[in-house]
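Chemist: If you read the sequences in order, they're chains X and G.
Take the first sequence: its letter number 205 is residue 204 in numbering that gives the first Met the number 0, and every next letter is one higher.
Take the second sequence: its letter number 319 is residue 318 in numbering that gives the first Met the number 0, and every next letter is one higher.
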Amino acid sequence: MVGAKEIIKVQNLVKKYGDFTAVNGINFDVYEGEIFGLLGPNGAGKTTTLEIIETLREKSGGEVFVDGKSVDTQQDEIKKIIGVQLQAAGYYPSLNLTELLSLFSGLYNVDIDKMKTLKSVGLEDKVKAKFKELSGGQKQRFSIATTLINNPKIVFLDEPTTGLDPQARRNLWDLIKSIRDNGTTVVITTHYMDEAEQLCDRVGIMEAGKIISLNTPDALIDELLATGFTKPKDVKGANLEDVFISLTGHEWNDE
Amino acid sequence: MKKYSQIRAMLAITKASFRSSTRSPSAVVFTLAFPLIFILVFGFIGNSGGVRVHVAVDSTSDTLNAIYKVMSNHQAINLYSDSDSEIYHELKKGDLDAIVHIEKKDSGFVVKVSTSDVSVQNGQLFKGMVKEIISEMNLHVMPNIALPFSMEDQPVIHGREYKTIDFILPGQLGFSLLSTGVFGTAFVFLNLRQTLVIKRFFATPIKRPYIVVGEALSRMIFGLIGAIFILSIGHFAFGFTMIHGFTTFFTMLMLAAIGLIIFMGFGFVVSGLAKNESAVPPLANLITLPQFLLSGTFFSTNNFPSWLQPICKALPLTYLNDAMRKVSFEGAGLLDISHDLLILGIWGVIVYALATKLFKWE
């Protein structure tokens, strides 16, 4: 992405919990309008990095700028232009979706068309359902809907597809792509490589608090192939997941 | 762009939190059901009328005389008869207050009254009644004797009736406020932390103090609705006295609000100390139970032994209950109960100093 504008700048970011260094001097930029993925195994420091950028966590060192604003001094300004999805719920379980949307429209000081919002994530027939009654995929879709209420420049999604079945994952991928296509920058963490390959324009691979590689998925694969790597087994034109999806359908469903 | 309003965001939290509370069974039970049950029980058993003494007539008594007749028609005397061994057994147990033996002699009738040291008061009371009956009957038989000493009844001065409900209801209201404040607040903030609701709030532009005030406001509204409910049921169903009507009612509500603020402070402390949900009840009970028992919720603290008195006098609920009773029954205003309010205020300062030290955001 030559000439693209950096919307997030992370420079020498360090986070320590006591003696443990969770994030160890990482550098990366996120460009406006892309889906940027932070990949890595559990405990690699993805969520910590994300939460520092989201102003939810203090950093131990380095600099982070979001849309030109410093996370040290302009937290309030940053919060107004980002949408955040946490790894786990974050909603009053006994409230229904309309009531929760009222809450967030108050929290962000914006008036919204609740029906339109629910429609955008395929939950229009769940208007009166309580949050705790939703399935895993529906919870994630609702959660994403709340991140879009304030029309943010950037949304952060922390492992949005963990624990979902294949249909729900693909639904979510479509939703995330449509958010990007509407001009919103998306930062996502995942430990599923197929997801990153499908979804992300660029990925940073984290391990033990460091970014060990950063490029487009394609380029990363090419780099690997250039070293003479070959897969031990001949790959067929489809895999078992493709079979499952083609058999069970791929539309919004009630999961 | 319009300026971001923290108040609008805060009220959105209040509304959501209030809705959430009304759907929580435990919140509804603690705030309304428990106090209501106690009020119902005490409301119904409370006013059974004046004192009655239970007296048996032994088997060898003469019952064909005027004294027996007067006793058996006496409002405050319940007469029983049974075998002699049985009635003496019951006298020893305290089920009977006295046994009478009425004997006919040549000169007239003699009433022998046996009492036990188990029910001294009622025994004395009954002896007094017998003396009164006898002297009246003597006068009746010999009306012309001039007595050097006598007593004349004057009309009874009608005092304000202090009903059981007048004592019980303020205590129950105080207890309801205590449990709503402590349990409710502790659970709400622990849940907010555990379900990450509060973390999700942090990701929006609202500032932290507004989150806490928003939640607290919802508890406050919930608690005050409970108070209005308890006061209304008490007043309309059981004749709870609110001496100056609406003024008293509003003063009671203001007191309730003050009490709630302090008790919510305890709730903040508990939510800060509790690592998980199962740690809340023991900690919260540690705060509520002693006050439930020792703060004059059910019985006046005057009845407690003197070594317990200093503890009773240290608990905040004692002062809230005390103030509530003064307001409802004696018609005190906030100025008249300033001593109670001062002590509640001191508790408030202590509790909130602790709460700000212990409060956990995540």
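We put the CB at the ideal spot given by N, CA and C, even for glycine.
All values reported here derive from a predicted model rather than from experimental measurement.
State yes or no: is the beta carbon of threonine 203 (chain G) nearer than 7 Å to at least one beta carbon in chain X?
Modeler: Mapped onto the second sequence, residue 203 (chain G) falls at position 204. It does: the Cβ of threonine 203 (chain G) has a partner Cβ on chain X nearer than 7 Å.
Chemist: Can you confirm whether the region 226-240 of chain X touches the region 181-192 of chain G when touching is taken to mean that 3 or more C-beta pairs between the two stretches lie within less than 8 Å?
Modeler: The region 181-192 of chain G, when compared against the region 226-240 of chain X, does not touch it at the 8 Å Cβ threshold.
Chemist: Quick one: grab the DSSP three-state call for methionine 0 (chain X).
Modeler: Locating residue 0 (chain X) in the first sequence gives position 1, where the first residue counts as 1. Low confidence applies here, because methionine 0 (chain X) scores a pLDDT of 49, under 50, leaving its location unreliable; read the following figure in that light. Reduced to three states, the DSSP call for methionine 0 (chain X) is coil.
Chemist: For serine 82 (chain G), is the classification buried or exposed, using 16 other Cβ atoms within 10 angstroms of its Cβ as the cut-off for buried?
Modeler: Translated into positions along the second sequence, residue 82 (chain G) becomes position 83. Serine 82 (chain G) should be labelled exposed.
Chemist: Quick one: which chain G residues come within Cβ less than 8 Å of leucine 55 (chain X)?
Modeler: Along the first sequence, read from residue 1 onward, the residue named residue 55 (chain X) stands at position 56. Per Cβ cutoff of 8 Å: Lys198, Phe201 and Ala202.
Chemist: Per the DSSP calculation, arginine 18 (chain G) is bridged to which residue(s)?
Modeler: For this step, residue 18 (chain G) is matched to residue 19 along the second sequence. Looking at the DSSP assignment, arginine 18 (chain G) forms no beta bridge with any residue, so it has no partner.
Chemist: Distance cutoff 7 Å, beta carbons only. Does serine 59 (chain X) sit that close to anything in chain G?
Modeler: For the purposes of this step, residue 59 (chain X) is taken as the residue at position 60 of the first sequence. No, serine 59 (chain X) lies away from the interface with chain G (no Cβ there is under 7 Å from its Cβ).
Chemist: Thinking C-alpha only, which one of G:Ser19, G:Ile349 and G:Phe29 is nearest leucine 172 (chain G)?
Modeler: Taking the second sequence and counting its residues from 1, the one referred to as residue 172 (chain G) is at position 173. The candidate whose alpha carbon is nearest that of leucine 172 (chain G) is G:Phe29.
Chemist: In the DSSP assignment, find the alpha helix (DSSP H) that holds phenylalanine 249 (chain G) and state where it starts and stops.
Modeler: Reading the second sequence from its first residue, position 250 is the one you call residue 249 (chain G). Taken as a continuous stretch (DSSP letters only), the alpha helix (DSSP H) holding phenylalanine 249 (chain G) covers 245-272.
Chemist: The beta strand (DSSP E) spanning isoleucine 76 (chain G) covers which residue range?
Modeler: Locating residue 76 (chain G) in the second sequence gives position 77, counting from the first residue. Counting along the chain, the beta strand (DSSP E) containing isoleucine 76 (chain G) begins and ends at 76-79.
Chemist: Quick one: grab the DSSP three-state call for valine 117 (chain G).
Modeler: Taking the first residue of the second sequence as 1, we reach residue 117 (chain G) at position 118. Coil at valine 117 (chain G), not helix or strand.
Chemist: Give me whichever residues DSSP pairs with serine 212 (chain X) in a beta bridge.
Modeler: By 1-based counting over the first sequence, the position of residue 212 (chain X) is 213. In the DSSP output, where bridge partners are listed per residue, serine 212 (chain X) has X:Ile204.
Chemist: So proline 92 (chain X) contacts chain G; which residues on that side make the cut at Cβ distance below 7 Å?
Modeler: For this step, residue 92 (chain X) is matched to residue 93 along the first sequence. Under the 7 Å cutoff, chain G gives Thr194.
Chemist: Sort G:Thr247, G:Leu95, G:Leu138 and G:Thr62 by Cα distance to lysine 103 (chain G) and report the nearest one.
Modeler: Within the second sequence, numbered from 1, the residue matching residue 103 (chain G) stands at position 104. Among G:Thr247, G:Leu95, G:Leu138 and G:Thr62, the Cα nearest to that of lysine 103 (chain G) belongs to G:Thr62.
Chemist: Quick check: the Cα distance between lysine 68 (chain X) and valine 186 (chain X), rounded to an integer number of angstroms?
Modeler: The residue labelled residue 68 (chain X) in the question sits at position 69 within the first sequence. The residue labelled residue 186 (chain X) in the question sits at position 187 within the first sequence. About 17 Å.
Chemist: Could you check which residue in X:Asp200, X:His190 and X:Asp164 has the C-alpha nearest to that of aspartate 241 (chain X)?
Modeler: By 1-based counting over the first sequence, the position of residue 241 (chain X) is 242. The option with the nearest alpha carbon to aspartate 241 (chain X) is X:Asp164.
Chemist: Under the three-state reduction of DSSP, which class applies to isoleucine 148 (chain X): helix, strand or coil?
Modeler: Residue 148 (chain X) sits at position 149 when you count from the first residue of the first sequence. The answer is coil: DSSP assigns isoleucine 148 (chain X) none of H, G, I, E or B.
Chemist: Contact check, arginine 56 (chain X) vs glutamate 62 (chain X) under 8 Å by CB: the rounded distance?
Modeler: The residue given as residue 56 (chain X) occupies position 57 in the first sequence. The residue given as residue 62 (chain X) occupies position 63 in the first sequence. Contact flag wrong, Cβ pair sits at about 15 Å.
Chemist: To be precise: take each residue of the region 308-331 of chain G, compare its Cβ to all Cβ atoms of chain X, and keep it if any distance is under 7 Å. Which residues remain?
Modeler: Per Cβ criterion, the list is empty.
Chemist: Less than 7 Å between CB atoms is the rule here; does serine 175 (chain G) satisfy it with respect to chain X?
Modeler: Here residue 175 (chain G) is taken as the residue at index 176 of the second sequence, counted from 1. Not one chain X Cβ lies under 7 Å of serine 175 (chain G).
Chemist: Contact criterion: CB-CB distance below 7 Å. Does tyrosine 3 (chain G) meet it with respect to chain X?
Modeler: Within the second sequence, the letter at position 4 stands for residue 3 (chain G). Judged by the 7 Å Cβ criterion, tyrosine 3 (chain G) is in contact with chain X.
Chemist: Quick one: which residues of the region 92-123 of chain X get their C-beta closer than 8 Å to a C-beta of chain G? List them in chain order.
Modeler: So the close ones are Pro92, Ser93, Leu94, Glu98, Leu99, Ser101, Leu102, Phe103, Ser104, Gly105, Leu106, Tyr107 and Asn108.
Chemist: If you compare alpha carbons, which of G:Ala313, G:Trp360 and G:Ser4 is closest to asparagine 190 (chain G)?
Modeler: Here the question's residue 190 (chain G) lines up with position 191 in the second sequence. Per the Cα distances, G:Trp360.
Chemist: Quick one: what does DSSP say phenylalanine 298 (chain G) is sitting in, helix, strand or coil?
Modeler: For the purposes of this step, residue 298 (chain G) is identified with residue 299 of the second sequence, where counting begins at 1. DSSP places phenylalanine 298 (chain G) in coil when its eight states are reduced to three.
Chemist: Considering only the beta carbon of each residue, do phenylalanine 328 (chain G) and threonine 240 (chain G) sit closer than 7 Å?
Modeler: Position 329 of the second sequence, counting from 1, holds the residue named residue 328 (chain G). Position 241 of the second sequence, counting from 1, holds the residue named residue 240 (chain G). Taking 7 Å as the Cβ cut-off, phenylalanine 328 (chain G) and threonine 240 (chain G) qualify as a contacting pair.
Chemist: As a quick exercise: from X:Gly203, X:Gly227 and X:Gln166, pick the residue whose alpha carbon is nearest that of leucine 246 (chain X).
Modeler: Within the first sequence, the letter at position 247 stands for residue 246 (chain X). Nearest C-alpha to leucine 246 (chain X): X:Gln166.
Chemist: From methionine 253 (chain G) to lysine 68 (chain G), what distance separates their C-alpha atoms?
Modeler: Locating residue 253 (chain G) in the second sequence gives position 254, where the first residue counts as 1. Locating residue 68 (chain G) in the second sequence gives position 69, where the first residue counts as 1. Going from the Cα of methionine 253 (chain G) to the Cα of lysine 68 (chain G) covers about 57 Å.
Chemist: Are the region 121-141 of chain X and the region 209-228 of chain G touching by the rule of at least three beta carbon pairs closer than 8 Å?
Modeler: No, the region 121-141 of chain X is not in contact with the region 209-228 of chain G.
Chemist: Measure how close the beta-carbons of serine 4 (chain G) and serine 217 (chain G) come, nearest whole angstrom, since I'm counting them as under 8 Å.
Modeler: The sequence position of residue 4 (chain G) within the second sequence is 5, counting from 1. The sequence position of residue 217 (chain G) within the second sequence is 218, counting from 1. The Cβ separation is near 18 Å, so there is no contact.
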